[in-house]
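These notes concern the structure reproduced below.
Residue numbers (our numbering): 3 to 79.
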């Protein structure tokens, strides 16, 4: 995993995006729904694309990580 940091400009843009356009909790919910739908659709239509499974798994992981950053749903016990 890469530990790159984001620039101040990117931080400001993200804060502005979430303050002006969408609530983080709603964005996290949407990301989870889209992530699940995309993964399910790709896997059901393209079972023969085994080499794409790794890319799909990575994409699924990172979208869920973003959703968890916005709204830590899975970390709650």
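From the three backbone atoms N, C-alpha and C, an ideal C-beta is built for every residue, glycine too.
Item                                                                                                                      : Value
CA-CA distance, residue 10 and residue 22?                                                                                : 18 Å
Which residues mark the beginning and the end of the alpha helix (DSSP H) in which residue 24 is found?                   : Premise fails: residue 24 is in no alpha helix (DSSP H) and is neither H nor E.
Considering only their Cβ atoms, is the gap separating residue 27 from residue 73 smaller than 7 Å?                       : yes
Give the straight-line distance between the Cα atoms of residue 33 and residue 69, rounded to the nearest whole angstrom. : 6 Å
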